[in-house]
Every structure is written in C-alpha cells, then in structure tokens.
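Protein chains in written order, with my numbering: chain A, 1 to 136; chain B, 1001 to 1136; chain C, 2001 to 2136; chain D, 3001 to 3136; chain E, 4001 to 4136; chain F, 5001 to 5136.
So, in structure tokens, the structure goes:
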C-alpha cells in the first residue's frame, strides 16, 4: 500500500550553471537564468510504501512523517533562496530535477528503518510542470 | 490502457481501536481518536485496466461503472458514520488505509468478469493525504 | 483593501432539528438528517478590510490572524462532532448557514479593535456548495 | 526520472460510430452521441522519462517540449470539432480512449531520438474522468 | 446571507455573428469563430440571497435548487451544441457573456417567489476566464 | 457585467523595510524578511466591468486584455526578483498588499478609455492568502 503526504514550500531559485557563459545560460534556461532569482510555491508529494499495521490500521505514524518533512525540507528550504542558502545549490543548478534528487537524498535515510520505505517523490514547480523521482 | 473515474462521498469516522486504552488511542491517533467522530469529503479515484474496444472505442461502459460505484461505495458510505453504520468498521479502525482496503474488497468482484479489471484505487482523506491500494 | 486567509477543518454534523419529528427531519434534510452524523473537510475564507500600513505595507499582522483563527475556529471545531461537542449546536441545527453565523459571532469581536475589521466569511461545505455571511 | 508537462485544449466531439444505427449509438454513448457534438476543456499530461543531464540539470529542454506539444496537439486540435476537422476522427469514434491513442501516435515519434522518451500520457475529459496510455 | 451552488455542463459553441463577414468574424473572435464549433466544460455558480430560516437553518431547500438548475440549465444545455440546439443562440452569438445573460433569464423567474432570490451568477468558460452577471 | 481574466507569474520577494532594523524586520515579517528573498507562483485575477456589445456579445476584446496584462504585469514581473528588479520595490516593501496596489496603478490607465473599466484585482500569494483591491 502506498501513502502520500503533500506539503508546500516557497523558495527562490535561479537556473544558471556558473561553469557556463552568460550566453550559454540564457540559451539553456531563458528567463530562468536571471541571476537575481525568481520564485515558486513548490508542492511536494512524498509517497511511502508499507503494509497497514493490523492493530493500528496505519502504514506509518503520520505525526512522525510530518516531523521528518518539516525538519528535512520545510525548515531548510521554505522562504529560502536555494542557490544562496541551501546546499548543494551553490554549485549544483537548482532545476526541479536536481531539487527532487536532493530532497530524495535528504529523505530516504529517514525512512530506511521502516516501518514504511520511501517509494517516490513528486515535485511540482508550477501546476503545469512536475518531476517524479524514485532514487536509483 | 487505464481509465479512472473519480467520485466523492462525505462520511464521519473516529480512529480508535476498542482493544486499546484511551491513552493508547490518544497517543496513536491524536485528535482522530475523538469518539464522537469527525468527518471528511472523501475523494475516490477508481482505476480500471483494459483495451479500448475496436468498435465502441471504450474500455468499459461508464454508465455501468457509475452504477457499481454508486451501489458499492456511495450508497452504503455517503452521509454515514463509518464506525457506527458501515461494516466492518464496528471492529476495524477506519483509517484511510483500512477504508481503502474495504473499498477494494467491495469493488474488485464487480469488475472480475471484465471487460476491464480493477487495477488500483486512490483514496483522498484530505487534499494533502491519500493512499493507493492494488489489492494483494 | 480586502485580505483573505483560508483555513480548513474537518468535522462531523447531522442536520436535524430536535423539535421536529423524524419524518419532518427526513423530509427537510434527507440524508443529512442521519443522527450518527457525517462529515466534511470545511474550507473557511475569512476576509478582513483595512488599509495597508504605509510603513509595513500590511493590512494586518498575518501571524495574529492565524492565531485568532486557530483559537476561535480550528481548536474548538476541528476533529469534532458539531452537534455533540460544539456550542450552540446541541440545540441549533448545524447547517452550513448556521455554522457560518456562529463562526462570524466568534470572530467579529476579535477584529473589532482594528487594525482591520471583519468584512465577510465564506464557508465551503463541499467544493460545490458555500455560503457567505457579512453579519447583520 | 519522470518529467510531466500539462497543457489544455478545448474541442468538440460526438461519440458515434457511423457503422452503428442511431439506436445503437444512443444505447452505447447516451448524450455523448448527439451528432451536433458537445465540448470539453481537455487537460493533457505528457510524461517523459530520462536522466537529468549532469551539466544542465535538465531531463529535456522544456522549450522544445512546449514546441512539440503546440505543433502536434494544440494547433491541430484546439478550438476544433474532432469528428469534422481532425484525422482520423471522421471514421474513428473520438472517445477519450481513442483520442489518447491518437495523441500518443502523434507524440511518440517526436521524442524517439532523445534525450527523453515518451513514457505515458494522461488525458482528462473532465476532472472526474481520465485515461492513461503508454503505447503498446 | 448568500448561498452558492456550483454545477457543470459540457457544450459546444462557435463565436460567429451571421450578420458579419467571415473576415470580420475571424478578426473579432479568432479561433473561436471556427464554424464547426469547439467546446468547454462550463462551470456555473448560482448565488442566492436570503435569510436562514430560524427553524430549518436553511436559506433555501437545496433539493429544489438542484431541480431548478437541472431543468433550466443542465437538461437543455449539457452535451449540446449551443448555436445549433439551444435558443436563442441560433441568432445570438454564444459568447460567455451572452450565455450568462441567457442563464440568468432562465433562472431568475424560478426564484422570484422566494424564499431566496437570485443574486448573481458566475460562469467559467475555462479556469482562466469567467463572467459575473446580476441581471439588470 | 463583470469579466475576469486570470494570469500567473513567478517572482521572488523579500519583505523588509530598509528604514527598520533587522530585529524590527524579523518581528514584523518573520521568515518573509530573509534578505535573499523567497518566491511564489502569484495568481492574478483582473476584473473588468462593462456591457456586452449587442453586435459582438463581448464586454471587451480578450486578445487586447491579454496583451495589456502581458506588457504591464508578466513581462516586467515574471521571473524577476521584485525588490531588486521591479520599481518601486527597491524602496517599497513588496507585500502582497503593496504589489496589488502597484499592479492596479499600472493597469488602471490602460483600461481608462473603455470599453470596459478596471473594477478590481485579486492577487493570490498562495492558495491560502489573497488580497483584493479596487483602487481609491
């Protein structure tokens, strides 16, 4: 059984690779390359996999899940400028793809010992664009 | 090909295991354990799998699907207090997980003889929390 | 200028007037009259009216608004059975209309001394049904 | 990693098979069989699969994806009557299922040479009904 | 107190004035002028004004409202081509504006004798475009 | 009759008044005061008032409205850091309130000569917080 919890956070980012020239960044990222950054209300869906406990009827204690998401994602990323304040985005381009990988990297160990494992995450940059990642 | 039909129903539930003490129920379920119950506008997505018929272009007759969902889910559960009026929730804790299992148990036989089989269901308790179940 | 803050709470209610017969309640409220109650994810929009402060650029301190809504609405009503646990719904039928009036009655005094006054509230029982109330 | 881009288009369709009698069409499709057609705001989610490029952090250039979706779906189908103006729906019944197959047929070759391949599409006819197709 | 009920219907329309030339229609309406028509999932919000009855707690009997909306709007307009099947759109251009006026014209008399009067309607053609009308 | 067009743009902002101390900014704006800025997917609803033209059935030419919104709001604000790149937010705190006032100031003259006048704007910072402004 899969259980998904959705959270939101608001952050700024600029899509620029410091190893590339200004023209290359413009060609690759267009308006996203603006170095001052722009922002999004990111929506994150975190999907856990496990069996419902026969006594509690729960896959996982949702209060614990909420705590993990708060500590690992909301606290470090909400109301932040990703490039300037959140590692590793001083050197890694914070595209939605790379942001999903980083969120996975932070969350997966927190669910490694059960009772439910991290199955996938879905990250919406806007309503019209999202990525899904299952680790590798 | 997968085809998904979404329906809604409003119901009350209380998350309490009568085999546990009041303190244990509070610790496990928090405010959900309130014995008077509270309620949700549940949203259910039912996903069927099959091939589009070459003549009709349809995986399944949607009027029949609607009838099955009405009879098996909406009629018995809508505007009900799950713990008090819907079997087996007098003895089984109606968490979203257990409610999804029960809905699956009711729906799967209705689609067992085709033309489309029940592939999965997704049940939203709120916009921010949902479970997915594929039977077992 | 109007500023609106949206919150949600989950509650049970039964629409029955104890002064009426069972048949009258059924005729008036249909399935809503089920005495065990059913539930909703209520959505409340609270609209305040005021001028943006020239120094802060804010109509009102949103942290204070959030605190008021938590204390006056979420804490007493969330995860509750309105008829059985929330005054005056032991004697007043908790229709969406009456619930909006009660929420107004609780909120209006909290905003009476400014800097922004309560202008209106909108209460959704479901996505397809809502009421708006401006006091009287 | 999966990346999904959502677009919308508005079109008319009538669900009728010209090989069937009027009575058969009515029995199969109900109001959908009205020969004048009716319409929907279709929502299409296109899911691509690939790895994030280590330099750009992108699975695919979204500007190119947008161009492909414009040319293959929006331009030929938006503000059109599918049965009368969009091939092959002069002879194929434009059910949501068949429309998804046709959109897949148009899109898959455009993503055949990378860097990301077409993984699945989801097509909403209304908020309550959608199909998913992964080709075959 | 205002009470709003939301319904949906799917219809086709073409925005063309038969008194104008093809070029004038194209200039005015663009792709909307396509004579075959295109379609939308229209969303209609109907707002009634009245006092909550002190006994029932209701502004109006929602079952009666639903019946009126079914008879006056859904039955004649759902799954229809407005220009070809719904009066007066054989001669009146079915813009969202004119469609709202016609819906008002049909609904207002049904609420003229109370207990609640028609206050306004809001008609969405898409999520991004809607009109509001209060009669005149 | 009122006609509303919705658009979106993504921008960064920091809520800080340079005339105040760091401690005062923190006390007033909390996490919003982070000087690096954070971001939102802003949603703007622009409401125009006018009569439907008897020939065209339109309150206003939507293509012109779209052009005005693109030039006055999307181009200067989308993918921008409001404090650093959009006047007057180098000296005015870009709260949602002040941003709504500035958008009104930019839009109102563009609709001053008809055929429809600017009636109000609604600006969502998130789904749960929005302001409405009607000029003064």
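Beta carbons are placed, not taken as given, at the ideal position from N, Cα and C, and that holds for glycine. All values reported here derive from a predicted model rather than from experimental measurement.
Taking a C-beta distance under 8 Å as the contact criterion, residue 1065 (chain B) and residue 3097 (chain D) do not qualify as a contact pair. In the three-state DSSP reduction, residue 4049 (chain E) falls in the strand class (E or B). Residues are counted here when their Cβ sits less than 7 Å from a Cβ of chain B; for the stretch 2010-2021 of chain C these are 2010, 2011, 2012, given in chain order. Between residue 5042 (chain F) and residue 5089 (chain F), the C-beta gap is not smaller than 8 Å, which leaves the two residues out of contact. Listed along chain B is no residue with a C-beta nearer than 8 Å to that of residue 3047 (chain D); the closest approach is about 13 Å. The beta carbon of residue 69 (chain A) sits closer than 6 Å to those of 7, all from its chain and outside the five residues before and after it, given in chain order.
The bridge partners DSSP lists for residue 2042 (chain C) are C:2009. Chain F has a Cβ within less than 8 Å of the Cβ of residue 2056 (chain C). Here the alpha carbons of residue 1108 (chain B) and residue 35 (chain A) stand approximately 54 Å from one another. Apart from sequence neighbours up to five positions away, the residues of its chain that approach residue 5072 (chain F) with a beta-carbon distance below 6 Å are 5106, 5107, ordered along the chain.
The beta carbon of residue 5125 (chain F) is closer than 7 Å to those of 5040, 5042, 5096 in its chain, skipping five residues each way along the sequence. Beta bridge pairing from DSSP links residue 5080 (chain F) with F:5011. Listed by position along chain D, the residues whose Cβ is nearer than 8 Å to that of residue 98 (chain A) are 3052, 3057. A residue is called buried when at least 16 other Cβ atoms come within 10 angstroms of its Cβ; residue 5102 (chain F) meets this threshold and is buried.
The beta carbon of residue 4038 (chain E) lies closer than 7 Å to those of 4012 in the same chain, with the five residues before and after it left out. No Cβ of chain D is located within less than 8 Å of the beta carbon of residue 123 (chain A).
Look at residue 126 (chain A) here: in three-state DSSP terms it is strand.
The Cβ neighbour count for residue 5114 (chain F), taken over all protein chains shown within 10 Å, is under 16; the residue is labelled exposed. Here the C-alpha atom of residue 3122 (chain D) lies approximately 39 Å from the C-alpha atom of residue 2062 (chain C).
Membership of residue 5022 (chain F) in the alpha helix (DSSP H) is indicated by the continuous run 5022-5029.
Remark: fewer than three beta-carbon pairs, one from each stretch, lie closer than 8 Å, so the stretch 5077-5094 of chain F and the stretch 5046-5055 of chain F are not flagged as touching. Apart from sequence neighbours up to five positions away, the residues of its chain that approach residue 2016 (chain C) with a beta-carbon distance below 7 Å are 2025, 2029, 2033, 2035, 2093, ordered along the chain.
The C-beta of residue 3002 (chain D) comes closer than 8 Å to at least one C-beta of chain A.
Residue 5101 (chain F) carries a helical assignment under DSSP once its states are collapsed to helix, strand and coil.
Each of A:76, A:19, A:44 was checked against the Cα of residue 1127 (chain B), and the nearest Cα belongs to A:44.
Per DSSP, the continuous alpha helix (DSSP H) segment holding residue 3065 (chain D) begins and ends at 3062-3069. Here the alpha carbons of residue 4019 (chain E) and residue 5112 (chain F) stand approximately 30 Å from one another. Taking the beta carbon of residue 5005 (chain F) as reference, the chain E residues within 8 Å of it are 4128, 4129, listed in sequence order.
With a threshold of 16 other beta carbon atoms within 10 Å, residue 4136 (chain E) falls short and is exposed. Against chain D, the beta carbon of residue 4085 (chain E) has neighbours under 7 Å at 3036, listed in chain order.
Proximity of chain E to residue 2092 (chain C) at the Cβ level (cut-off 9 Å) is accounted for by 4057, in chain order.
Around the beta carbon of residue 5091 (chain F), fewer than 16 other beta carbons lie within 10 angstroms, which makes this residue exposed. For residue 3132 (chain D), the beta-bridge partners assigned by DSSP are B:1002, D:3122.
For residue 1100 (chain B), the closest alpha carbon among the candidates B:1110, B:1081, B:1120, B:1078 is that of B:1120. For residue 2032 (chain C), a Cβ of chain B is located within less than 8 Å of the residue's own Cβ. Closest by C-alpha distance to residue 2056 (chain C), out of F:5131, F:5001, F:5027, is F:5027.
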